[in-house]
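There are 2 protein chains.
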Amino acid sequence: MILMKYTGIPVRSGLYVVTGMEFSGGRPYREVVSACINGGAGIIQLREKTWSASRLIQVGREIRELTRKSGTLFIVNDRVDLALALEADGVHVGQDDLPLPVVRKLAGNKMIIGVSAGNPREALEAENNGADYIGVGPVYPTETKKDTRSPRGLEILAEIRQAVSLPIYAIGGIKLHNVAPVIRAGADGAAVVSAVVGAADIAAAARALTAEIERAKKEDSK
Amino acid sequence: MILMKYTGIPVRSGLYVVTGMEFSGGRPYREVVSACINGGAGIIQLREKTWSASRLIQVGREIRELTRKSGTLFIVNDRVDLALALEADGVHVGQDDLPLPVVRKLAGNKMIIGVSAGNPREALEAENNGADYIGVGPVYPTETKKDTRSPRGLEILAEIRQAVSLPIYAIGGIKLHNVAPVIRAGADGAAVVSAVVGAADIAAAARALTAEIERAKKEDSK
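Top line first, the protein sequences correspond to chains A and B.
Take 2 as the starting number for the first sequence in my numbering and just add one per residue.
Take 2 as the starting number for the second sequence in my numbering and just add one per residue.
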């Protein structure tokens, strides 16, 4: 069980699915998100960089309804206003988004705040400023996100693991076949886009990843 | 004197300057905004569609400081979280942004909310949902904003004036030579980008526009 650091909110599994409709082959949002939930995802993040806020609100309301029923956490990318309006469980910000102290002030003490960190310094700063978890990546080469820094690999993940006690979600190019090394390097969970929402059977892909993450954790704790 | 409809906040002049740094020839934000204020602008809106939130926060803090001293209103485009974090006087949303009831709930009762309206139906909806003012345009052809609907001209402005009692700011292609007809058609003020921030002497351009708007209003009330 992963516990968010600041809010203390528990997460039901180590699989963190970031939505990105351009990877789901035109399937309706409701279907994609339902399948992720059925597959055991602990967190669903709404991230659609090119969408208008009015469209994000509409889809976000559907995700809120689906995730609430199942106990899956719902996190909104970037925008605190959208997260508040949707009564999301949290918001995720990058290093170029609103600064963490600003986000915490707006979001209050009950909302999960995740921060993207690319090195131990950013990770420690996030921990000191009241982040709940950090996203670290890209751990492997990825085609999903065009604006990331170059892959830092598993070494930087291990370094960050040494630096902070925050839950760490690794992101970037993670698939079923390469998720175990990420957990062994110190990640508490794995964030994926195409490996789940791009799969023919989304629920099966989510289920397999969830199980593989658990398996790697048990192996790790032996 | 223009009075915001919902909050009752007064505005010191009819000139509403929307920032857009690509039109100001690389001059520093502080210099541009100071000149707008010295030229008598009633409202300064921060609108930089391509900027990251972290950059908007930095520049927004400067604008907040400058506008607070002078009694100029400071409005943030699109993002309620940014407006709240900056303690801005208001936020402006378009038809594709967060819906007005959502914005009012997040922003509270003391923050100005402006809404872009392209026809009497949208204007009336904004009025009924608690907008403070509406932006109507483009009234003339414009090169500043690429994503607007086609120019609706002064006729639609006059129709909207008939439909609502909200303060109306006309926008789109407004310059010193064509602002008077806009006021005569029923606008309370004029929103401009390049006519002010693109001028060689920003303060002089703002001053001339402010005076011309006042002149047209007096003429109108004869």
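Every residue gets a Cβ at the ideal spot worked out from N, C-alpha and C, and that includes glycine.
Because the structure is a prediction, the values reported are computed rather than measured.
Quick one: does A:P100 have its CB under 8 Å from some CB of chain B?
For A:P100, the answer is yes, since a Cβ of chain B falls inside 8 Å of its Cβ.
Taking only beta carbons into account, state which residues of the region 60 to 90 of chain A come closer than 8 Å to chain B, listed in chain order.
Under the 8 Å Cβ criterion, the region 60 to 90 of chain A contributes D79, R80, V81, D82, L83, L85, A86.
Just to confirm the assignment, what range does the alpha helix (DSSP H) spanning B:G115 have?
Segment 113 to 118 is the beta strand (DSSP E) holding B:G115; no alpha helix (DSSP H) there.
What first and last residue would you give for the alpha helix (DSSP H) that runs through A:V18?
First-last for A:V18: 16 to 19, but that is the beta strand (DSSP E), not the alpha helix (DSSP H).
Grab me the residues of A:E160's own chain with a C-beta within less than 8 Å of its C-beta, minus the 5 sequence neighbours each way, in chain order.
Only N120, P121 meet the Cβ criterion.
Are the C-beta of A:A54 and some C-beta of chain B separated by less than 8 Å?
With 8 Å as the cut-off, A:A54 counts as an interface residue toward chain B.
Which residue wins for smallest C-alpha separation from B:Y170, given the options B:G9, B:A36, B:I10, B:V18?
Here the closest residue by C-alpha is B:V18.
What separation, rounded to the nearest whole angstrom, lies between the Cα atoms of B:A127 and B:G40?
Cα to Cα, the separation comes out at about 30 Å.
B:L47 lies in the alpha helix (DSSP H); which residues open and close that run?
It is not in any alpha helix (DSSP H) - B:L47 instead sits in the beta strand (DSSP E) that spans 44 to 47.
Have a look at A:T143, A:P139, A:A132 and flag the residue whose alpha-carbon is nearest the alpha-carbon of A:V165.
Nearest option by C-alpha distance: A:A132.
Identify the contact partners of B:D133 in chain A, using a Cβ-Cβ distance below 9 Å as the criterion.
Chain A residues near B:D133: none, gap ~18 Å exceeds 9 Å.
Using 8 Å as the threshold, is the region 58 to 74 of chain A in touch with the region 85 to 92 of chain A, meaning 3 or more CB pairs across them?
Yes: the two stretches touch, three or more of their Cβ pairs being nearer than 8 Å.
Which of the residues in the region 31 to 58 of chain B, read from start to end, lie with their CB under 9 Å from any CB of chain A?
Listed by position, the residues of the region 31 to 58 of chain B near chain A (Cβ gap below 9 Å) are S53, A54, S55, R56, L57, I58.
So what does DSSP say about B:L74, is it helix, strand or coil?
The answer is strand: DSSP assigns B:L74 an E or B state.
Residues in the same chain with beta-carbon distance under 7 Å from B:N129, minus the five sequence neighbours each way, listed in chain order, please.
Excluding positions up to five away in sequence, the list is empty.
Considering only C-alpha positions, which residue in the set A:I214, A:P29, A:G61 is nearest to A:R13?
The shortest Cα separation from A:R13 among A:I214, A:P29, A:G61 belongs to A:I214.
Going by the beta-carbon positions, is the gap between A:D82 and A:V94 smaller than 8 Å?
No.
With DSSP run on the structure shown, which of helix, strand or coil describes A:G136?
If DSSP states are grouped into helix, strand and coil, A:G136 belongs with the strands.
Per DSSP, what are the beta-bridge partners of B:E170 in this structure?
Just to set this straight, residue 170 of chain B is Tyr in the shown sequence, not Glu. B:G136, B:G190.
Would you please verify whether the beta carbon of A:L107 is less than 8 Å from any beta carbon of chain B?
Answer yes: the Cβ-Cβ gap between A:L107 and chain B drops below 8 Å somewhere.
If we call anything under 8 Å between Cβ atoms a contact, is B:I184 one with B:V140?
No, the Cβ-Cβ distance between B:I184 and B:V140 is not below 8 Å.
Which residues in chain B sit within 7 Å of A:V103, going by Cβ to Cβ distance?
What A:V103 touches in chain B: I58, A86.
Grab the span of the beta strand (DSSP E) containing A:V92 for me, first residue to last.
Note, A:V92: beta strand (DSSP E), 91 to 94.
Does the structure place the region 46 to 57 of chain B close enough to the region 204 to 223 of chain B that three or more beta carbon pairs sit under 8 Å?
No, the region 204 to 223 of chain B is not in contact with the region 46 to 57 of chain B.
At 8 Å on the CB atoms, spell out the chain A contacts of B:D97, in chain order.
In chain order: S53, A54, S55, R56.
Going by the DSSP bridge assignment, what does A:L85 pair with across the sheet?
Bridge partners of A:L85: none, in fact.
So what does B:V197 bridge to, in DSSP terms?
According to DSSP, B:V197 bridges with nothing at all.
Where does A:K219 land, buried or exposed, given buried means 16+ other C-beta within 10 angstroms?
Exposed, since its Cβ has fewer than 16 Cβ neighbours within 10 Å.
Measure the alpha-carbon distance for B:L47 versus A:V198 and round it to whole angstroms.
So the two alpha carbons sit approximately 36 Å from each other.
How many angstroms separate the CA atom of A:G154 from the CA atom of A:V137?
C-alpha separation (whole angstroms): 10 Å.
With a Cβ-Cβ cutoff of 8 Å, do B:V116 and B:I135 count as a contact?
Contact: yes.
Taking the alpha-carbon of B:K6 as reference, which of B:E156, B:A124, B:L167 has the nearest alpha-carbon?
Measuring from the Cα of B:K6, the nearest candidate turns out to be B:L167.
Figure out for me which residue from A:L125, A:G109, A:K70 has the closest Cα to the Cα of A:Q96.
Considering only alpha carbons, the answer is A:L125.
With a CB to CB cut of under 7 Å and the five nearest residues on each side skipped, what residues in its chain are close to B:L57?
Correct list, in chain order: L47, E49, L83.
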